[in-house]
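Quick notes on the structure that follows.
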């Protein structure tokens, strides 16, 4: 449901890139693979500076780019943008100056406030007066900005049932290992997460299985929204983001063509549309377009910290969704 005030913001900030425009719009060059987060037309991402060999945050608001007064870091800074209790776009980012805490600030980096009890944090996500983050790879926490009401939510599954390649007709249930939560997306009532895990035996592919899950912000059971076995192309889910109550996420990888999915948790319906490029980041803008950060998969045109060819921050071409089946199956 990114966002309540974004209907007005999008009408102003995206006037030049409305869905009637056929192609993608380049927003900025990018000098390393990074995620991106959006709240309507406001976006935040991390970029690499070759001279200082450090990363800094970049904010796009009202069509203009700025660098907030957030300390640079030796690796990409994990950040989110969402509304505060009054609907004002606000940053949540991880500062590793000491204990890798979650920090809340204005878009320009002013008035930084560390969230109490958020040490060893990653993947922050903000909405209203609450913020969620991951601790120690798989512990998902949510609290008020002041640390009040902190609680643990579900992470990657501790146990899975699957069909091993050696016996595809036999269902095996076993404890998982290497459980990792790789992304969070907070909305007023729900939290979406992307996780990965390992299971005993051979399941095929060159990576770990990846899932998209949704649960209530007050706790309760999780809902499995999507799962995939990575195959030979290392496919994974990235960019969970909300708009108008629907969850959007991107199927990335070098296998079959990328896909953008839309899931409505109210009625369980799915829709999808074809993606057009390999990405390191994805975040929905208004249900019709998305912010994307490109990432080449290798070869002479690879982009990144040591490459002469920059990646790009884009606003995607219009997304045309059609109903589809749930991307859920037994491994």
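Residue numbers (the numbering used here): 29 to 359.
Even glycine gets a Cβ: it sits at the ideal position worked out from N, Cα and C.
Burial state of residue 188, where buried means 16 or more other Cβ atoms lie within 10 Å: As a first step, residue 188 must be located in the chain shown, where it is residue number 160. By the 10 Å Cβ count, residue 188 comes out buried.
Beta-carbon gap between residue 96 and residue 136 smaller than 8 Å: Walking along the chain shown from the start, residue 96 turns up at place 68. Walking along the chain shown from the start, residue 136 turns up at place 108. Result yes, Cβ atoms of residue 96 and residue 136 sit closer than 8 Å.
Separation of residue 168 from residue 248, as counted between CA atoms: Here residue 248 refers to the residue found at position 220 of the chain shown. Here residue 168 refers to the residue found at position 140 of the chain shown. Roughly 13 Å between the two C-alpha positions.
Three-pair Cβ contact test at 8 Å for the region 288-302 versus the region 85-96: no
Rounded separation between residue 158 and residue 270 - CA only: Position 130 of the chain shown holds residue 158. Position 242 of the chain shown holds residue 270. Between residue 158 and residue 270, the C-alpha separation is close to 16 Å.
Cβ-Cβ separation, residue 256 to residue 237 (assumed contact under 8 Å), whole Å: For the purposes of this step, residue 237 is taken as residue 209 along the chain shown, with counting starting at 1. For the purposes of this step, residue 256 is taken as residue 228 along the chain shown, with counting starting at 1. 7 Å between Cβ atoms; contact.
Closest by C-alpha distance to residue 178, when choosing among 124, 245, 215, 254: Position 150 of the chain shown, counted from the first residue, corresponds to residue 178. The option with the nearest alpha carbon to residue 178 is 245.
Assigned secondary structure, residue 141 (DSSP; H/G/I helix, E/B strand, else coil): The sequence position of residue 141 within the chain shown is 113, counting from 1. Here residue 141 sits in strand by DSSP.
Length-filtered (4 minimum) alpha helix (DSSP H) runs lying within the region 138-188: none
Assigned secondary structure, residue 201 (DSSP; H/G/I helix, E/B strand, else coil): Stepping through the chain shown from its first residue, residue 201 is reached at position 173. Three-state result, residue 201: strand.
Where residue 87 sits in the DSSP three-state scheme: Along the chain shown, one-based indexing puts residue 87 at 59. Three-state DSSP puts residue 87 in a strand.
Span of the beta strand (DSSP E), counted from its first residue to its last, around residue 100: For the purposes of this step, residue 100 is taken as the residue at position 72 of the chain shown. Residue 100 -> no beta strand (DSSP E), and no H or E assigned at all.
Alpha-carbon to alpha-carbon, residue 209 and residue 102: Within the chain shown, numbered from 1, the residue matching residue 102 stands at position 74. Within the chain shown, numbered from 1, the residue matching residue 209 stands at position 181. Each residue's Cα considered, the two are about 22 Å apart.
CB of residue 160 within 8 Å of CB of residue 176, strictly: Against the chain shown, residue 160 aligns to sequence position 132. Against the chain shown, residue 176 aligns to sequence position 148. Not in contact: residue 160 and residue 176 (Cβ atoms no closer than 8 Å).
Residues sharing a beta bridge with residue 92, DSSP: In the chain shown, the residue the question calls residue 92 occupies position 64. For residue 92, which the question treats as bridged, DSSP gives the partners 89.
Own chain, CB closer than 8 Å to residue 129, minus 5 neighbours either side, in chain order: One-based indexing of the chain shown puts residue 129 at position 101. Cβ within range, chain order: 122, 123, 142, 143, 146, 147, 149.
Assigned exposure category for residue 222 - 16 Cβ within 10 Å defines buried: Working through the chain shown from its first residue, we reach residue 222 at position 194. It is buried - the Cβ of residue 222 has at least 16 other Cβ atoms within 10 Å.
From 323, 322, 300, residue whose alpha carbon lies closest to that of residue 352: Within the chain shown, the letter at position 324 stands for residue 352. The shortest C-alpha separation from residue 352 is found at 300.
Exposure label - residue 297; buried when at least 16 CB within 10 Å: To locate residue 297, count along the chain shown from 1; it is residue 269. Exposed is the call here.
Beta-carbon separation (whole angstroms), residue 346 vs residue 316, contact threshold 8 Å: Residue mapping note: residue 346 aligns to position 318 of the chain shown, counting from 1. Residue mapping note: residue 316 aligns to position 288 of the chain shown, counting from 1. Their Cβ separation, rounded to whole angstroms, is 6 Å, which keeps residue 346 and residue 316 in contact under 8 Å.
Whole-angstrom distance between residue 69 and residue 152, CA atom to CA atom: Working through the chain shown from its first residue, we reach residue 152 at position 124. Working through the chain shown from its first residue, we reach residue 69 at position 41. Distance between the alpha carbons of residue 152 and residue 69 is about 19 Å.
Outcome for residue 241 when other beta-carbon atoms lying within 10 angstroms are tallied against a minimum of 16: Residue numbering aside, residue 241 sits at position 213 when the chain shown is read from its first letter. Counting Cβ neighbours within 10 Å, residue 241 comes out buried, since at least 16 surround it.
Backbone CA spacing between residue 312 and residue 276 [nearest angstrom]: Position 284 of the chain shown, counting from 1, holds the residue named residue 312. Position 248 of the chain shown, counting from 1, holds the residue named residue 276. Taking the straight line joining both Cα atoms gives about 7 Å.
One or two residues paired with residue 122 in a DSSP bridge: Walking along the chain shown from the start, residue 122 turns up at place 94. Partner(s): 130.
Whole-number beta carbon distance between residue 133 and residue 119, since they are thought to touch under 8 Å: Indexing the chain shown from 1 puts residue 119 at position 91. Indexing the chain shown from 1 puts residue 133 at position 105. The pair is a contact, with the Cβ atoms about 5 Å apart (cut-off 8 Å).
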